[in-house]
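Numbering-wise (UniProt numbering), the sequence shown opens with residue 1 and increments by one.
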Amino acid sequence: HNVNFQKALRTFIHAFKIEIMPITPDTEPIVRINGKKVPVTIEEPFKQYINTGVRDVELFNIERVGQNHLYKLVSEIYGLRIFYDGQGIFVQVAPYYRGKVCGLCGDYNLNKFKEFVGPDKCEHYNATSFGYSYVIPSSECTAPEYKSPCTVKIGETCTVMRTKTIELGTGKNRQVCFSIAPVAHCSESCIESRFVTREVSFHCLPAKDATTRNLVAQSKVRPLMEFRRKREDHKAIVEYPESCYKP
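So this is what it looks like as structure tokens:
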């Protein structure tokens, strides 16, 4: 929490990009769905529905709580609740996400002594080092230097799963496509035994979007499981190692 540094909230649910963006500390944030501003008041929450082919069901709703610019985003279908006030965020997920999430909120493994395992699978000793491990460098953000707390990674293995990325198009039409399911990859200390191929489905995003660039950076350190429910935009034959071994 720091009132001098307001933060925007950006959430992706199904095919919707949800943004709650503060303007000044004294004015109400702007709420946008897929880039379009929508009204959210204390008296009338915003509700987004999708059609299942049988009936319309509520995908998520956004509610303003009280007079202090507190917003609540709830998706019962996805088991997600987010509370946001411009400076801080509280995320609550359903029990079936246990051990399936990652990031600064931890992996939800119900083990309070293993909350600082970073994307490098190293167990960090304090919140600062842990936070630094998740910084994604960009032209606007320089990643701070920090010393890795371990030389042997937790659960180190030769074969790791990563989201495959490919680029399509040129110029303004250039897209980055992410594999909907992760693809096998050999870790840095291992060698491929031989390669095989298979057809892989991809979801594509505009290459110029800052979110896309951030996702590309994250794909190098973890599988992007958030793509598993995305629509298929492209198919391609991908080469991947059948197995990996330590030399």
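All C-beta atoms, glycine included, are put in the ideal place defined by N, C-alpha and C.
Count the other CB atoms within 10 Å of the CB of residue i; is the residue buried (16 or more) or exposed (fewer)?
| i | result |
| --- | --- |
| Phe60 | buried |
| Gly103 | exposed |
| Ala210 | exposed |
| Val74 | buried |
| Ala127 | exposed |
| Gln92 | exposed |
| Leu215 | buried |
| Leu9 | buried |
| Val54 | exposed |
| Val40 | buried |
Does the distance from the CB of residue i to the CB of residue j come in under 9 Å?
| i | j | result |
| --- | --- | --- |
| Ser179 | Val238 | yes |
| Phe227 | Thr159 | no |
| Lys246 | Ser189 | yes |
| Lys7 | Gly66 | no |
| Ala217 | Glu167 | no |
| residue 253 | Ile20 | Here the chain covers residues 1 to 247 and nothing more, so residue 253 does not appear. |
| Val183 | Tyr240 | yes |
Among the options, which residue has its Cα nearest to the Cα of residue i?
| i | options | result |
| --- | --- | --- |
| Val221 | Ser193, Glu167 and Cys122 | Cys122 |
| Ile18 | Ser187, Val31 and Glu199 | Val31 |
| Glu242 | Glu192, Asp233, Ile13 and Val135 | Glu192 |
| Phe12 | Ile23, Tyr240, Arg229 and Glu63 | Arg229 |
| Arg231 | Val183, Gly106 and Cys204 | Cys204 |
| Tyr97 | Lys172, Val57, Ile166 and Gly79 | Gly79 |
| Asn68 | Glu115, Arg55 and Pro22 | Pro22 |
| residue 265 | Lys208, Glu199, Ala207 and Met161 | What is shown of the chain runs 1 to 247, which leaves residue 265 out entirely. |
| Ala15 | Ile42, Glu43, Thr197 and Asn51 | Asn51 |
| Pro223 | Tyr132, Glu140 and Pro119 | Pro119 |
| Met225 | Gly171, Thr41, Ser138 and Ala181 | Ala181 |
| Glu140 | Val54, Arg213, Phe195 and Glu58 | Arg213 |
| Gln48 | Ile42, Glu58, Val54 and Arg194 | Glu58 |
| Arg194 | Ser219, Ile20, Thr142 and Cys244 | Cys244 |
| Ile62 | Ile82, Gly88, Gly169 and Ala94 | Ile82 |
| Ser219 | Gly53, Cys105, Thr165 and Gly171 | Thr165 |
Could you tell me which residues DSSP puts in a beta bridge with residue i?
| i | result |
| --- | --- |
| Leu73 | Ile62 and Ile82 |
| Pro206 | Gln175 |
| Pro241 | Phe195 |
| Val160 | His185 |
| Thr165 | Phe178 |
| His234 | Phe202 |
| Val31 | Ile20 |
| Phe46 | Ile62 |
| Thr11 | Ile18 |
Give the straight-line distance between the Cα atoms of residue i and residue j, rounded to the nearest whole angstrom.
| i | j | result |
| --- | --- | --- |
| Lys235 | Ser201 | 5 Å |
| Tyr71 | Asp233 | 33 Å |
| Pro64 | Lys36 | Reading the sequence as shown, one finds Arg at residue 64 and not Pro. Roughly 18 Å between the two C-alpha positions. |
| Glu28 | Asp107 | 32 Å |
| Thr151 | Val176 | Since pLDDT at Thr151 reaches only 47, below the 50 mark, its modelled position is unreliable, and the value read off the structure follows with that caveat. Using only the alpha carbons, I get a separation of about 33 Å. |
| Glu199 | Asn173 | 24 Å |
| Ser129 | Pro137 | 15 Å |
| Ser133 | Val196 | 33 Å |
| residue 255 | His185 | With the chain covering only 1 through 247, there is no way to say anything about residue 255. |
| Pro45 | Cys105 | 27 Å |
| Asn111 | Ala94 | 16 Å |
| Phe90 | Thr170 | 40 Å |
| Val135 | Ala143 | 6 Å |
| Gly88 | Asp56 | 33 Å |
| Glu145 | Asp26 | 36 Å |
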